[in-house]
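Encoded as structure tokens, the structure appears first; notes follow it.
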């Protein structure tokens, strides 16, 4: 009988894949930062490296495996920051094409430099046969994600047809109500988030690392109590509290305390009384 459980002491494959992705991500981020491109959002490296002149937007963005709203937001951000331009497809005016600007071309070059550096270090540790085996295994694994799942033989056709397809959530973002979008964006910028307003000025986004908040203007909003809340997992709750308690930040930061469930937790109330609780595991004595 076979098993997918790793042997004792062996690191699981999902962890290895995630760590490998992080290795490339860190190298690309360092290469971009070195040449001054420190405002590129998550997933943008893949998009920028995949664009040629007049690249159709749909097929490229579909490979991100995110919602259409998230993909549209990413393209909007890259366009606003001068990395690409969007144009109507001459063959079908309902579709968009993407073309890199000079700034985008320079960023794409830096992305290639970062990825090539990891490839070079990998070449120093693996021979050609091992690299070919690695690539083949990763290609099979990637194909598993796009192939339709097989129906177990023991499942009847009628049951398979009746079974509802389970949705697969991709991400979850809290929506904070705010009275003034510009003021809210300024506040979250001071908290270290990358912020931007959407087209009509009534909606905005705040991103930091893997965290994404949505900000929605409600002029009649009266922040008498906590209207919305979110929990933020961090490495060091005390460090974040110190950062957010700096003079001029606004809102109110509650210093972290130890909890019975071995977390150190604090909180921050923004000017609209939206609550962000944050916590990190207690360090062993």
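Residue numbers (the numbering used here): 1 to 285.
Virtual Cβ for every residue (Gly too), placed ideally from N, Cα, C.
As the structure is a prediction and not an experimental result, all values here were calculated from the model.
Go ahead and pull the three-state DSSP assignment for residue i.
| i | result |
| --- | --- |
| residue 203 | strand |
| residue 91 | coil |
| residue 124 | coil |
| residue 211 | strand |
| residue 283 | coil |
| residue 151 | With a pLDDT of 42 at residue 151, under the threshold of 50, the modelled position of that residue is not reliable, and the figure given next carries that caveat. Looking at residue 151 - three-state DSSP - the assignment turns out to be coil, as it is neither helix nor strand. |
| residue 193 | coil |
| residue 178 | strand |
| residue 257 | strand |
| residue 159 | Caution applies to residue 159, whose pLDDT of 49 falls short of 50 and renders its modelled position unreliable; the value that the coordinates give is listed next. Residue 159: helix per DSSP, three-state reduction. |
| residue 309 | The requested residue 309 is not part of the displayed model; the chain covers only 1 to 285. |
| residue 184 | helix |
| residue 24 | helix |
| residue 252 | strand |
| residue 44 | helix |
| residue 230 | strand |
| residue 167 | coil |
| residue 245 | coil |
| residue 14 | helix |
| residue 236 | coil |
| residue 143 | helix |
| residue 272 | coil |
| residue 130 | helix |
| residue 19 | helix |
Give me the DSSP bridge partner(s) of residue i.
| i | result |
| --- | --- |
| residue 266 | 278 |
Compare the C-alpha of residue i against each of the options and name the closest.
| i | options | result |
| --- | --- | --- |
| residue 63 | 272, 79, 45 | 45 |
| residue 49 | 95, 108, 19 | 108 |
| residue 289 | 268, 249, 80, 207 | This structure does not reach residue 289, given that the chain is present from 1 up to 285, and the question cannot be answered. |
| residue 39 | 260, 196, 179 | 196 |
| residue 182 | 167, 218, 60 | 218 |
| residue 59 | 43, 95, 25 | 95 |
| residue 51 | 93, 24, 16, 105 | 105 |
| residue 202 | 209, 180, 210, 191 | 180 |
| residue 43 | 55, 15, 75 | 75 |
Please work out which residues of its chain come closer than 8 angstroms, Cβ to Cβ, to residue i, disregarding the five sequence neighbours upstream and downstream, and give them in chain order.
| i | result |
| --- | --- |
| residue 234 | 240, 278, 279, 280 |
| residue 153 | Only weak support exists for where residue 153 lies, its pLDDT of 48 falling under 50; the value from the coordinates is given anyway. There are no such residues. |
| residue 122 | 131 |
| residue 134 | 126 |
| residue 252 | 268, 269 |
| residue 171 | 66, 67, 70, 212 |
| residue 229 | 174, 274, 275, 276, 277 |
| residue 187 | 249, 250, 251, 270, 271 |
For residue i, which residues from the same chain have a beta carbon less than 6 angstroms from its beta carbon, with the 5 sequence-adjacent residues on both sides left out?
| i | result |
| --- | --- |
| residue 27 | 114, 117, 118 |
| residue 184 | 178, 215 |
| residue 31 | 110, 113, 114 |
| residue 189 | 195 |
Ordered along the chain, which non-local residues of its own chain (more than five positions away) have a Cβ less than 7 angstroms from that of residue i?
| i | result |
| --- | --- |
| residue 73 | 205 |
| residue 85 | 79, 99, 101 |
| residue 282 | 258, 262, 263, 264 |
| residue 37 | 107, 110 |
| residue 82 | 101, 103 |
| residue 19 | none |
| residue 207 | 41, 193, 194 |
| residue 245 | 253 |
For residue i, verify whether its CB is less than 7 angstroms away from any heavy atom of the ligand PLP.
| i | result |
| --- | --- |
| residue 175 | Of the ligands one can find in the structure shown there are none, so the ligand PLP has no counterpart to examine. |
*asked:* Extract the residue ranges of the beta strand (DSSP E) inside the segment 47 to 120, only unbroken runs of 3 or more that lie entirely within it.
replied: 84 to 89, 92 to 100
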